[in-house]
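Quick note, in the numbering used here, the sequence shown goes up one by one and the last residue is 669. Each residue gets a CB set at the ideal place from its N, CA and C atoms; glycine is no exception. All figures in this text were calculated on a predicted structure; none of them were measured in a lab. Data block below; observations after.
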Amino acid sequence: MPSSPSSSSASSPALRDRGPVPAPPDRRPAPAPPATPLPPRRRTRPLALPEARWALVALGLFLLALPPYLLGGPAWLWGVLFAGAYAAGGWEPGLEGLRALRERTLDVDLLMVVAALGAAAIGQVLDGALLIVIFAASGALEALATARTADSVRGLLDLAPATATRVLADGSEETVDAGRLAVGDTVLVRPGERIGADGRVAGGASEVDQATITGEPLPVVKEPGDEVFAGTVNGTGVLRVRVGRDPADSVIARIVRMVEEASRTKAPTQLFVEKVEQRYSVAMVLATLAVFGVPLALGDDLSSALLRAMTFMIVASPCAVVLSTMPPLLSAIANAGRHGVLAKSAVVMERLGQVDAVALDKTGTLTEGTPRLTDVRPLPGGGLDADALLRLAASAEHPSEHPLARAVVGAARERGLPLAPAGDFAAAPGRGVTATVEGRRIEAGAPARLLTGDQYADVVGELEESGRTAVAVLCDGRPVGVLGVADRLRPDAAATVAALTRLIGRAPALLTGDNERAARHVAARVGITDVRAGLLPEEKAAAVRAWEAEGRRVLVVGDGVNDAPALAAAHCGVAMGRAGSDLALETADAVVVRDELAAVPAVVALSRAARRLVVQNLVIAGVFVAVLVAWDLIGTLPLPLGVAGHEGSTVLVGLNGLRLLRPAAWPRP
1 MPSSPSSSSA SSPALRDRGP VPAPPDRRPA PAPPATPLPP RRRTRPLALP EARWALVALG
61 LFLLALPPYL LGGPAWLWGV LFAGAYAAGG WEPGLEGLRA LRERTLDVDL LMVVAALGAA
121 AIGQVLDGAL LIVIFAASGA LEALATARTA DSVRGLLDLA PATATRVLAD GSEETVDAGR
181 LAVGDTVLVR PGERIGADGR VAGGASEVDQ ATITGEPLPV VKEPGDEVFA GTVNGTGVLR
241 VRVGRDPADS VIARIVRMVE EASRTKAPTQ LFVEKVEQRY SVAMVLATLA VFGVPLALGD
301 DLSSALLRAM TFMIVASPCA VVLSTMPPLL SAIANAGRHG VLAKSAVVME RLGQVDAVAL
361 DKTGTLTEGT PRLTDVRPLP GGGLDADALL RLAASAEHPS EHPLARAVVG AARERGLPLA
421 PAGDFAAAPG RGVTATVEGR RIEAGAPARL LTGDQYADVV GELEESGRTA VAVLCDGRPV
481 GVLGVADRLR PDAAATVAAL TRLIGRAPAL LTGDNERAAR HVAARVGITD VRAGLLPEEK
541 AAAVRAWEAE GRRVLVVGDG VNDAPALAAA HCGVAMGRAG SDLALETADA VVVRDELAAV
601 PAVVALSRAA RRLVVQNLVI AGVFVAVLVA WDLIGTLPLP LGVAGHEGST VLVGLNGLRL
661 LRPAAWPRP
């Protein structure tokens, strides 16, 4: 097991030791080259899937048949069009159903096709065609979701560069495929390049943006002996990295394997009604044969026995039972969508209501994921007030592209402070920046490197103990102030944790790749006590699997590439949509599109309401089926009355399920 990615920052946190990216070309003599561009992400187009093409053909034929059917047109015209819709949308699920039947499994695909053909046989041609079209569209959406997830997993490999610069024994360099690197090779990583392999720094110093692996919001200073990961982005310095793992076993490659494995081995999800339907459908088929065969064997005439069996098959068919589940769940999906939560399927909406444990990511989930200036502390004797201090610091930081520098410059602009030109700009990894502003030499950077003695330890310590990153500011070599920068909590983070605690019955846990101190500070502010920090992606997934092995149904909420394995391994995964990585968005079962964390407990509560309606509908459908079946077996149930009762129960449970479409059905914070 590799060491924790934040181990190098445990004693010197990444939030404190940093080196800003150098100034643009007109402000510095040796600009860093831009980061290696990534190839465009490969996305499967919907019409590239046969399921989508057949569903589109079925829908087109259905829409063409609808006007002549409703307006009393020629029967041969709408009949041919409806038949085409049946064939286009039903041949593939029907074939899959027959294959399942050959393996002695009564597949739901076959049942739906038989139900549609049965509806057509008794004159309900439109109803059967609509059922086929809806079923085909559902299959196409499922196939597209699966393909897009595979696209994102493949795209993750693009994070690692295709080539690397290998340093030979004689000191010369050669460009090789990153996949050909071997353990022990030394690679040269220039400013702005992506690191080609997992390993340790053998020479040089720089700051590395490793948010894709650990989720840390700020670049981490890397010096000889520190661990680095393939796919992370080098900052301003030049690094020599000794390869420590085969490229096929890098952290990025392991993330890909974990997501793929979790997608394959995750137990097949079924709606509750589908689990019941397997047994119910077999029983119904056997009972229909008995209702036909027994009276016939006892001397009843063929016509009477066939009519009774046909009536029994209609009133006992699981249409109302099937409809008991989908309308509440689809209504819940639609309502959640209106409030910025995209649940990818009815199964997802059902599973959201089953969770009894929650694990939250920190950066980008509980926090905004973007550092912001929180404190401006002029020092006694510095001769500057807060605005003057911030103006000088922002002017010096302006040429830098480091996240801390952007936070300082952004705060100055928000306050309307005019920035002065910065000359002689220079940046040193792990130390900070220096520049000449209005004839004064301004330095801004890590207090440990710029401040000597304990004179200002109280100010720096107070900021760092409260979870801020301290930035010391010197003017002509004299300390004049300290700035505090932090990744701000989302405004609704504490309320969301409290709501989830009430809803689930236990407080959420925090899983993060960030350092222990930053994680515990955030956890304390939102009311979380179970904190697991410094985790690699595989360790996050292992924690989730351990909870699942204990019988818990875990909901994971995250946003980054490093969260994807945990999202895939969880009972249900929710991704924050605005800043979420492509892999997290595709791997997650649901996406909070508007980045409102409070929507997470709301959608869980909505799912539970949908599950209650499902139970109500199953009771209603069961009562109707029981009454109509008893009538048919004990007395003589007229076929039209049986059809009316069956269709009436179907309509009733459908309307009951649509109650969740009301705006009032969305749980308020």
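Per DSSP, what kind of secondary structure is residue i in: helix, strand or coil?
i	result
F425	strand
D387	helix
S649	helix
K362	helix
K266	Caution applies to K266, whose pLDDT of 43 falls short of 50 and renders its modelled position unreliable; the value that the coordinates give is listed next. Three-state result, K266: coil.
G196	coil
V176	strand
A575	strand
G675	Summary: the structure shown does not reach residue 675, with the chain confined to residues 1 through 669, and so no result is reported for it.
I442	strand
T636	coil
T587	helix
D209	strand
G527	coil
D563	helix
T452	coil
R532	strand
A470	strand
Out of curiosity, what's the CA-to-CA distance linking residue i and residue j?
i	j	result
R299	V282	Looking at the sequence itself, residue 299 is Gly, so the reference to Arg does not match. Whole-angstrom Cα-Cα distance: 26 angstroms.
V651	V251	53 angstroms
G558	H402	24 angstroms
S79	E92	It is Gly, not Ser, that sits at residue 79 in the sequence shown. Approximately 21 angstroms, taken between the alpha carbons.
R553	L342	20 angstroms
P429	A357	41 angstroms
P2	V228	In this prediction, P2 scores a pLDDT of 38, lower than 50, which makes its location untrustworthy; the coordinate-derived value is nonetheless stated afterwards. If I take the Cα positions, the gap works out to 11 angstroms.
N335	P663	7 angstroms
G72	A584	51 angstroms
G231	V619	54 angstroms
R468	G484	6 angstroms
M349	A411	41 angstroms
R210	R490	Correcting the residue type first, residue 210 is Gln in the shown sequence and not Arg. If you take the alpha carbons of Q210 and R490, they lie about 22 angstroms apart.
R406	E465	23 angstroms
L451	A524	30 angstroms
S172	R166	9 angstroms
V482	T236	24 angstroms
Using the Cβ count rule (16 or more neighbours within 10 Å means buried), how would you classify residue i?
i	result
Q455	exposed
L38	For L38, the predicted model reports a pLDDT of 41, less than 50, meaning its position is unreliable; a value from the coordinates is still stated below. Label assigned to L38: exposed.
P224	exposed
E683	The displayed coordinates of the chain run from 1 to 669. Any statement about residue 683 would go beyond what the structure contains.
S345	buried
W666	buried
A486	buried
V615	exposed
P22	Because the pLDDT at P22 is just 36, under 50, the model does not fix this residue reliably, and the value given afterwards should be weighed accordingly. That one is buried.
R194	buried
A546	exposed
D589	buried
D226	buried
L168	exposed
V294	exposed
List the whole-angstrom C-beta distance separating residue i from residue j, where the pair is believed to meet the contact cut-off of C-beta under 8 angstroms.
i	j	result
G337	R608	Contact doesn't hold; Cβ gap of about 18 angstroms is too wide.
A493	L366	5 angstroms
N562	A533	Contact doesn't hold; Cβ gap of about 13 angstroms is too wide.
A570	V556	4 angstroms
L660	S331	4 angstroms
P479	A470	Actually they do not touch by this definition, with Cβ atoms about 12 angstroms apart.
V241	V176	Not confirmed; about 14 angstroms, so no contact.
V433	A396	6 angstroms
D361	G577	No, D361 and G577 are not in contact; Cβ-Cβ is about 14 angstroms, not under 8 angstroms.
F82	V114	No, F82 and V114 are not in contact; Cβ-Cβ is about 17 angstroms, not under 8 angstroms.
With distance defined between alpha-carbon atoms, name the residue in the options nearest to residue i.
i	options	result
V623	D209, S649, L641	S649
A143	L47, P219, D177	L47
E586	G293, D530, A575	A575
G90	A52, L64, P67	A52
R200	R190, R245, G179, V544	R245
R441	T163, C475, V459	C475
R431	A287, P191, G445	G445
P447	G439, V437, E438, D458	D458
A495	G527, G477, V522	G527
Is the shortest distance between the beta-carbon of residue i and the beta-carbons of chain B less than 8 angstroms?
i	result
G383	Included in the structure is just one protein chain, with no chain B present.
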